[in-house]
Each structure stands twice: as structure tokens, then as C-alpha cells.
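Some notes on the structure that comes next.
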Amino acid sequence: MTVRWLHPRPPGPPPADAFEFARGLPSKAAALVRAAHAGLPVPVGFAIPLTEPPATWSAAAMELLASGPVIVRSALAIEDDETHSAAGLGLSVPDVGDLAAIEVALAAVAATAPSGGAYTNPAASSRFADDYAIVQRQVDGRFAIVAAIEPEGSYIEVHAAGGDPFARGEEPFYAGDPQRWIDPAASEVVGLLRRTAAEFGTGSHGLDVELVVSAAGAPALVQARPLVAPLHPGWSEFVAELSRRGEELPGGTLILDDEHNPAPLSVAHAWLLELLSARRPGAGGPMALAGWLYVRSLPRAPSGDVENHTAPKPVEVLEQLRDEILPAARERLLAIQRFIARDDPETIAQAFDDAIAAFVAMVDIYLTVLIPARRGHGALVAVPDDPLCLRDRDAFADVLPLAWDVASPSIAIALPSSDRRPTALPRDPAAAATLLREWDDHLFALGLAPLRA
15 MTVRWLHPRP PGPPPADAFE FARGLPSKAA ALVRAAHAGL PVPVGFAIPL TEPPATWSAA
75 AMELLASGPV IVRSALAIED DETHSAAGLG LSVPDVGDLA AIEVALAAVA ATAPSGGAYT
135 NPAASSRFAD DYAIVQRQVD GRFAIVAAIE PEGSYIEVHA AGGDPFARGE EPFYAGDPQR
195 WIDPAASEVV GLLRRTAAEF GTGSHGLDVE LVVSAAGAPA LVQARPLVAP LHPGWSEFVA
255 ELSRRGEELP GGTLILDDEH NPAPLSVAHA WLLELLSARR PGAGGPMALA GWLYVRSLPR
315 APSGDVENHT APKPVEVLEQ LRDEILPAAR ERLLAIQRFI ARDDPETIAQ AFDDAIAAFV
375 AMVDIYLTVL IPARRGHGAL VAVPDDPLCL RDRDAFADVL PLAWDVASPS IAIALPSSDR
435 RPTALPRDPA AAATLLREWD DHLFALGLAP LRA
């Protein structure tokens, strides 16, 4: 088996057909061969089966190492296929500086490659006998960019380069339309995305592209794969419905609230957000778009004004939450449950109005008390032998939802009595703020429970 370079190599004329040049390679490596053949800026490198001995690839690797470190990346049979993306399942090893380190990196890629079960792509496995790796000149850049190119336009997330920010799940410092990204490299990035889309097309669901931008501002293409499922399920239908009604998408910056919404929301929750937006317009402007909850990046205050008073102390708020706020929220829920038990339509109608009031009361406390008390305490402080997330959890298991949705069922669990923790409150402000992040779930759940009932 020979080394398969990504770019045409002299001597001799370049191959006339990129597809023929890439024949036999897994999809990830084949895509880079195709991009390089089309003249797109792909860092120089080669692909080899993971089982190849060093004698096969050492000369090629020395050629790359002469100009700096390399990165060793997986190119597995299950990666980047038209129907199975396997995104994030392969390993990348950066900053590899010699032949011995390349051999170690290849072994690490092989050891961590998933196989069998749900990760097996029978079609891919029949085409390629081996998993591959890509050994590629490393671009020491300023930015690592992941882009989604869809028929309607492009979307990018910009991260600081170094390591693998995507695998680490880091927050991007810019996310949105690439043409609105303010940086000298922006025009070059937009141009490369257009050229990549022209070469690969956007397929059924779009194209997922990764770029690295050098210190000089030049972008390099390091990955191009088809999206195998809609990036925003229901989005086109949502936009079409807005257009039918003569409405437009809301302006301003929107942030996906993934903390409380791990699953698409119900019509019930969307209605509740509309009500909350009308009654508390300064509460961050929550809204449901295409089934997901978003909040506007606005100051969160019930009055709509930024409040400048001194934030309450986390320890004091914990005591207030335990002794006053949570018991009052529980009593509101019990009162509504008593109304419902009468099974009288007029009584239940009144109970529904009371349930809305209970929900709004919870939101007011959340915004004016809990969020200010946590402000300035971003780092989590936990006690290893006393998991904060289990403190008093059993007392609220009947209302804690599986997903933060007004229509969702309760987890309905009960902790064994041996796991119940005494309510000894931490005195350290940071530890108290950490526990607040757990106990505000109890309040949030008690605020939704009356409506769900």
C-alpha cells in the first residue's frame, strides 16, 4: 500500500478526474483530495491506512516535518459519508513533531476509533477494508471556524484556534452570518465558503465545513462533509408560515436557551412564551422559533429597566429560597390541585388563571432574586462527597420534568432515604451560588407544575 497524497504530485501531469484520483479513500480523505484538485486551499498532507508500518510513510512524513509540526487526523470508513456523518467520533492529534510521535498518534487514532453497533455503516465498510488517517501540515492559525452552508445561506461559528475547540465544546466568540463578522479575514472566509459550495454543492441538507485562518488572515479548508440531517428541523416550514402571515423574523440577537430546553418544545410552551413576552417584555424576550426556545440578548428585568441596586447575597437567598419562596410556590401548586379535584368547569377555569399567575410569580422571583444573586459567581464550587444536585431533590421529584416543557411528564423518581441530604447550607458565597443553580430548578419546576396540572 502506498502513501496517498491529497494534492497532485509532480512529476507528470495532474490527474484529469478528482474522483478517480480519490478512488478507494474514505469519504473524509476523498473530500480533501477533491477540494485540493479543484484548487481550494487544503493544507498539504497524505492519507494512509491505520495499519501501515512506518517504513511506508516515514519519507513522506519527513517531507512534511521539514516545515513544522503536523496534525494526525482520523479518516475512518464511517466518517463523513452521505448518510452517516459520525462527526466527532474520530480523534485528531495536533502538534506532532517527529516520526515517533506520528506513530504514537496513529496508534491513538486506531485505539479510539469506534467500531460495530450503531456506528457501523455497512455500505462504507464494504467499500473500504481499512480505516485511514490523514497526516497533514498543521496550520498555526488565529481562528478555527465551523460553517454550515445551506441553500438559503451560510452560518459560521468562530473559535480561537488551538487544540480542538469543537471537540471541547467551547463557546464561539462569533456565531452568525459570515458576512456580518467584523474581521479583516471575513471577506476571504466568505469567498472560500462560496467556492467550496460551488465545488461540492449543498446536497439534501447542506454542507458542513471546517476552516483554519492563519495569522496572516488566509483561510485553509480542512474538512467538508455533507450534513446528513436538517440543521434546523422545521425551520423552512416556520419561515414559510411567517411569510404566509405577512410577518418577518424578529430582529436583534437571539440566543438558544439550551440549559432548560434539551428537546423541541410543545405548542403549549410556545403559547406560554408568547404570554410571558407580553406580560414581561423586559424578561429577555423569550420566544419559540421552529420549535426551540430562544431569548433576546436584552437586560433581564420584569420592568424592562436595568436594575442597579446591590445584588442579594447568595447565602441569604438560599435561606429565603428554602424557608419562604419554595414553600410558597408549593402552596400555590397545592391550592390549584385542590381546585382541579372539584372537577367543575368554572372552578377549573379560575384555577387556570391562578396557574398563570403562579408561573409569572416564579419568573419574577427568578429574574429579580435568583439571577442577581448568582451574578459574579460563574465558577462552580461543589463538594465531592455531597453532590449538590441531590440536595433535597427527592422533595421535588414529583414536579421536576424530564424536559423543561410545560407538557412534559415528571421524572417521578424517589431517592432512597439513605441518599437524602441534610439541608446544611454552605456559607461560602461561591458554593452558595452553585447550590442556587441547582435549587432554582426546583422553583422553575414548581412554576410550571400548576399549568401542567
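Its first residue numbered 15, the sequence shown is counted upward by one per residue in my numbering.
From the three backbone atoms N, C-alpha and C, an ideal C-beta is built for every residue, glycine too.
{"query": "Cβ contact (3+ pairs, closer than 8 Å) linking the stretch 223-230 and the stretch 148-162", "result": "yes"}
{"query": "Endpoints, alpha helix (DSSP H) assigned at histidine 456", "result": "443-466"}
{"query": "Coarse secondary structure for tryptophan 195, derived from DSSP in three states", "result": "coil"}
{"query": "Counted within 10 angstroms of its Cβ, other Cβ atoms place glutamate 93 as buried (16 or more) or exposed", "result": "buried"}
{"query": "According to DSSP, residues forming a beta bridge with tryptophan 19", "result": "Phe60"}
{"query": "N- and C-terminal bounds of the alpha helix (DSSP H) containing glycine 190", "result": "Premise fails: glycine 190 lies in the beta strand (DSSP E), 188-190, not in any alpha helix (DSSP H)."}
{"query": "Between the CA atoms of phenylalanine 214 and valine 377 - distance to the nearest angstrom", "result": "47 Å"}
{"query": "Nonlocal neighbours in the same chain, by C-beta distance under 7 Å from proline 57, ignoring five residues either side", "result": "Gln150, Arg151, Val153, Ala234 and Val236"}
{"query": "Short Cβ contact (9 Å threshold) for alanine 372 with glycine 461", "result": "yes"}
{"query": "Minimum length 3: unbroken beta strand (DSSP E) runs contained in the stretch 35-104", "result": "59-63 and 84-89"}
{"query": "Between the CA atoms of proline 240 and lysine 42 - distance to the nearest angstrom", "result": "10 Å"}
{"query": "Sub-9 Å separation of leucine 287 and proline 440 beta-carbons", "result": "no"}
{"query": "For alanine 409 and proline 341, the rounded distance between their alpha carbons", "result": "11 Å"}
{"query": "Rounded separation between leucine 290 and glutamate 166 - CA only", "result": "31 Å"}
{"query": "Beta-carbon proximity of glycine 220 to alanine 162, cut-off 9 Å", "result": "yes"}
{"query": "Best match in Pro415, Ala444, Ala447 and His456 for proximity to arginine 466 [C-alpha to C-alpha]", "result": "Pro415"}
{"query": "Alanine 122, DSSP secondary structure in three states", "result": "helix"}
{"query": "Alpha-carbon to alpha-carbon, glutamate 185 and leucine 20", "result": "31 Å"}
{"query": "Cβ neighbour criterion (16 or more within 10 Å) applied to aspartate 191", "result": "exposed"}
{"query": "Euclidean distance between Cα positions of alanine 200 and glutamine 193", "result": "7 Å"}
{"query": "Selected residue, minimal CA-CA separation from glycine 59, among Ser88, Glu34 and Thr65", "result": "Ser88"}
{"query": "Local conformation of serine 106 per DSSP, three classes", "result": "strand"}
{"query": "C-beta atoms of isoleucine 354 and alanine 343 nearer than 9 Å", "result": "no"}
{"query": "Given histidine 456 as reference, the closest of Asp412, Ala292, Val172 and Ala447 once Cα atoms are compared", "result": "Asp412"}
{"query": "Span of the alpha helix (DSSP H) around glycine 470", "result": "Because the chain in this structure spans residues 15 to 467, residue 470 falls outside the shown range and cannot be described."}
{"query": "Closest by C-alpha distance to valine 17, when choosing among Ser257, Ala50, Val204 and Thr65", "result": "Thr65"}
{"query": "Runs of alpha helix (DSSP H) lying entirely within the stretch 350-386, each at least 4 residues, in chain order", "result": "359-379"}
{"query": "C-alpha distance - isoleucine 170 paired with valine 374, whole-angstrom precision", "result": "36 Å"}
{"query": "Distance between glycine 176 and valine 203 (C-alpha atoms, nearest Å)", "result": "18 Å"}
{"query": "Three-way DSSP call (helix, strand, coil) for aspartate 154 in this model", "result": "coil"}
{"query": "Terminal residues of the beta strand (DSSP E) in which proline 247 lies", "result": "That residue, proline 247, is in no beta strand (DSSP E); it is neither H nor E in DSSP."}
{"query": "Continuous alpha helix (DSSP H) stretch holding proline 328: start and end", "result": "328-334"}
{"query": "With 16 other Cβ atoms within 10 Å as the buried cut-off, status of threonine 448", "result": "buried"}
{"query": "Given aspartate 442 as reference, the closest of Pro464, Asp406, Val395 and Arg407 once Cα atoms are compared", "result": "Val395"}
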